[in-house]
Structures are given as C-alpha cells and as structure tokens.
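Chemist: Numbering (the working numbering), first residue to last: 4 to 383.
Yeah, the Cβ is synthetic: ideal placement off N, Cα and C, and Gly gets one too.
Please read through the structure below; I'll follow up with questions.
Rendered as structure tokens:
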C-alpha cells in the first residue's frame, strides 16, 4: 500500500518499517496510538486499514490470476489433486479468487454443478474467431451425435461430451465446414484444448469443499452460509479471509464478482455493528479471536485431527502462530515438508527443530517450486 497509495500511507512508511511490514503489528501500533477514550476513532482506523489492505491485495492478485490459467501453469491444480485437505493461514486472496471462478449450484440441478466463469478466455477466443468458443462449448455440453450402424437398425445417440478429443475435433471441423464458420484447424484445436482443460480442472475442484452451503432467499437471491457440522469440508482459512463474515449468529461467504460489489460489500460489513469480517488481524492472543468464530474453531480443531504428511509453503513459523504449532504437534502427521530459501535455510532448520521436536521434517528450497508440468505431460 505504501508503494501504490502515496496519499495517506506514504506518511506511515516509518511505522510500516518499524512493524517489519507485518499488517497485524501495523494495525496494532495505529490503534494503540489512538486514545481508549475514543472507541469510534480506534475502530475506524482499524477498519480503514483493513479495507485498504483488502482492496490492495485483491487488485494485485486479480492482475496476476489470469496467468494462472495459462496452459504452461496448469500443473497448479496438482496442488488440489494430490492432497485431501487444504489450509491457508494469511488472508489468501489468490485462493479465494481461484475458487470464485467456479460457481457452485446445488439448488437448481440438485447436484454439484461447477461451471467455469473464466470469461476472459471465452471473450478473447470469441472475438478473435466468430464465436468459436461459445459454440464449441455449447456443442460439448449439449450436442449429440446420432450413429447409424446399418440400414435396418435404429440410430444410437451419443452426447458430444462423451467423445474422445480426436473424435470431438473431427466433429467440430465438420460442423464448421457445414455451417460456413471458416474456423481454422489451429483455432479449433486451441479451443477444444481449453475446454477439455476446463473439464479436467472442474473434476479436481469439485472435490474442494469450503464448508459453505447455498441457500435460496427471496426474489431469486442466494447466499452461502457456512455449516460447521459439514463433514466433507476440506478447505480451511485458519485465520479467516476477506470473503468470510459474521452476520448475527451466522457466518457467511461473500460471492460478489465485480470489484465494486466486493468493495461495497466489505465496507458495508465493516460499518455494520451486527456484522464483521472474520479475519484475525491481531498479532497477539490470536486464539481469543479464533474462539469467537465457529468457523475458525472448526478449522483450528481440524489441524489436530490430521494424519499422514503435510506440505508447508511460505510460512515463516513466527512465534505468534504458536497455537498452530500446538495443533500440528497434537496431530498424527508423521512428516512435514517445509519450504525455505537458500539464505534462511540455517535459521529455518533451527526453527523447525524447536517448533516440531517430535515430527520428521524435510526442508526444501522454495525456489525449486514450479507449477509448470513436465514437457512429457504437456503433450497431447
């Protein structure tokens, strides 16, 4: 924020540096400097910084998330494919936006129907080549192929969605020719590859459950409410997130797609005494904040129930997260794989031994992480 918002935060740069660029410490210093006799100003300052941080983080992530869907990065979904539970610690806007691109609808279809809303992909392809994406996608989802095995037999109907890639491309080429679409073979293959990749991603993401259930409101409106008794939940925001908020006794999820709608919703929640964003912004006594939320308590308790192996990426193992260490140590996890950097390998190794004395630990360099698939897996 100090780099991109030079208005107000440029004057606070010294405090940011003194806080070691830790948002929780920064908010703490600002609110501590505000008189306890003025609770309104104390709350206003805290909420203002929270909202600005949320906006700044959202803008940064939004500007980069399109690159995540590039074919060369498709391996990122292996993170979802190869694990059974997912935990994120620090207001992960990337993960929120990634999953927001998929709409969960259990009411209309009575089944889980995750539908991609990567509109930038669809619009780019349609604009470049005469509605090519929209029409091929519709054919894949709704089209049928009638096969006649002989003169005296009835035709067999098969949906185009069941066809293997090569056969599906052949049918689309014939459709393009018959309807004078003038789609090139190269563009047809590119669109089909994109659609099939979406299908593969859907199959992975439909296994990810954040614990919310969709409920129908008046006039066709819907909202998502977290169910702490839901046993299939496997995605947890340990310290909350921007899109999780308390509304009276219920804990809900923000699902607004446009930036303005999201920001307006956040501001409305922060300024409403009955509502609050469920996000741990304090650096000390985090467990006290966790105990105020049924969602956070469930996520916290889930850690101690884990077994097998855990991979930890991008966690500094700060002392103010001691409550997380305790839960991991209580669990039946046998091996921890923890990312570090070549420069901090020595200090991280000492931290790991102190935090997890009874666990087998393996350090690996964060620089070695790649979400690109090997060349052998990129081939058709």
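For residue 328, does the three-state DSSP call read helix, strand or coil?
Modeler: Helix, per DSSP.
Chemist: Whole angstroms is fine: what's the gap from residue 340's alpha carbon to residue 303's?
Modeler: Computed Cα separation, rounded: 20 angstroms.
Chemist: Taking 9 angstroms as the threshold (C-beta atoms), are residue 282 and residue 326 in contact?
Modeler: Contact: no.
Chemist: Taking only three categories from DSSP, how would you classify residue 209?
Modeler: Three-state DSSP puts residue 209 in coil, outside helix and strand.
Chemist: Run through DSSP, which three-state label would residue 105 get?
Modeler: Below a pLDDT of 50, predicted positions are generally treated as unreliable, and residue 105, at 49, falls in that range; no measurement from the model is reported.
Chemist: Indicate the three-state DSSP secondary structure (helix, strand or coil) for residue 40 in the structure shown.
Modeler: Correct three-state label for residue 40: coil.
Chemist: Can you check which of these residues, 213, 355, 334 and 307, is closest to residue 322 by C-alpha distance?
Modeler: It is 355 whose Cα lies nearest to the Cα of residue 322.
Chemist: Whole angstroms is fine: what's the gap from residue 250's alpha carbon to residue 51's?
Modeler: Whole-angstrom Cα-Cα distance: 20 angstroms.
Chemist: Output yes or no for whether 9 angstroms exceeds the beta carbon distance between residue 32 and residue 273.
Modeler: Contact: no.
Chemist: Can you look up residue 366 in the DSSP assignment and give me helix, strand or coil?
Modeler: Strand, per DSSP.
Chemist: Beta-carbon within less than 8 angstroms of residue 359's beta-carbon, same chain only, minus the 5 sequence neighbours each way: which residues are those?
Modeler: Answer for residue 359: 328, 331, 332 and 339, listed in chain order.
Chemist: So for residue 315, helix, strand or coil by DSSP?
Modeler: Here residue 315 sits in strand by DSSP.
Chemist: Under 8 angstroms Cβ to Cβ from residue 312, same chain only, skipping five residues before and after it: list those, please.
Modeler: The residues are 336, 337, 338, 339 and 340.
Chemist: Just to check my reading of the structure: residue 280 and residue 245 have Cβ atoms closer than 8 angstroms, yes? What is that Cβ distance to the nearest angstrom?
Modeler: Sure, about 6 angstroms apart at Cβ, within 8 angstroms.
Chemist: Per DSSP, what kind of secondary structure is residue 161 in: helix, strand or coil?
Modeler: If DSSP states are grouped into helix, strand and coil, residue 161 belongs with the strands.
Chemist: Which residue from 225, 229, 213 and 136 puts its Cα closest to that of residue 192?
Modeler: It is 136 whose Cα lies nearest to the Cα of residue 192.
Chemist: Would you mind reading off the limits of the alpha helix (DSSP H) that contains residue 19?
Modeler: That run of the alpha helix (DSSP H) goes 16 to 21.
Chemist: Using CA atoms only, rank isn't needed, just tell me which of 145, 37, 179 and 186 is closest to residue 166.
Modeler: The candidate whose alpha carbon is nearest that of residue 166 is 145.
Chemist: Would DSSP call residue 12 helix, strand or coil?
Modeler: Residue 12: helix per DSSP, three-state reduction.
Chemist: In whole angstroms, what separates the C-alpha of residue 28 from that of residue 284?
Modeler: Distance between the alpha carbons of residue 28 and residue 284 is about 9 angstroms.
Chemist: Tell me whether residue 24 is buried or exposed, calling it buried when 16 or more other Cβ atoms sit within 10 Å of its Cβ.
Modeler: Answer is exposed; the Cβ neighbour count stays below 16.
Chemist: Below 9 angstroms between beta carbons: does that hold for residue 39 and residue 46?
Modeler: No, they are not a contact pair.
Chemist: Kindly indicate the opening and closing residues of the alpha helix (DSSP H) around residue 136.
Modeler: Where residue 136 is concerned, the enclosing alpha helix (DSSP H) stretches over 135 to 145.
Chemist: Tell me whether residue 175 is buried or exposed, calling it buried when 16 or more other Cβ atoms sit within 10 Å of its Cβ.
Modeler: With 16 or more other Cβ atoms within 10 Å, it is buried.
Chemist: Between residue 90 and residue 239, how many whole angstroms is the CB-CB distance? I'm expecting something under 8 angstroms.
Modeler: 5 angstroms between Cβ atoms; contact.
Chemist: Do residue 296 and residue 334 have their beta-carbon atoms positioned less than 9 angstroms apart in this structure?
Modeler: Not closer than 9 angstroms, so no.
Chemist: I want to see whether chain C comes within less than 9 angstroms of residue 255, judged by CB atoms only; does it?
Modeler: Structure shown: chain C not included; a single protein chain is present.
Chemist: Between the alpha carbons of residue 352 and residue 288, how many angstroms are there, rounded?
Modeler: Whole-angstrom Cα-Cα distance: 26 angstroms.
Chemist: Would you check if the distance between the CB atom of residue 226 and the CB atom of residue 217 is smaller than 9 angstroms?
Modeler: The answer is yes: Cβ separation under 9 angstroms.
Chemist: What separation, rounded to the nearest whole angstrom, lies between the Cα atoms of residue 248 and residue 278?
Modeler: Residue 248 and residue 278: Cα-Cα distance of roughly 7 angstroms.
Chemist: Are the Cβ atoms of residue 343 and residue 366 separated by less than 9 angstroms?
Modeler: Yes, the pair counts as a contact, with Cβ atoms nearer than the cut-off.
Chemist: Between the C-alpha atoms of residue 16 and residue 37, what's the straight-line distance to the nearest angstrom?
Modeler: Taking the straight line from one Cα to the other gives about 18 angstroms.
Chemist: Excluding sequence positions up to five away, which residues of its chain have a Cβ less than 6 angstroms from the Cβ of residue 233?
Modeler: The residues are 214.
Chemist: Relative to the ligand COA, is the shortest distance from any of its heavy atoms to the C-beta of residue 20 smaller than 8 angstroms?
Modeler: With respect to the ligand COA, the structure offers nothing, as it holds no ligand at all.
Chemist: Which of helix, strand or coil does DSSP assign to residue 5?
Modeler: Below a pLDDT of 50, predicted positions are generally treated as unreliable, and residue 5, at 45, falls in that range; the measurement from the model is reported next regardless. Looking at residue 5 - three-state DSSP - the assignment turns out to be coil, as it is neither helix nor strand.
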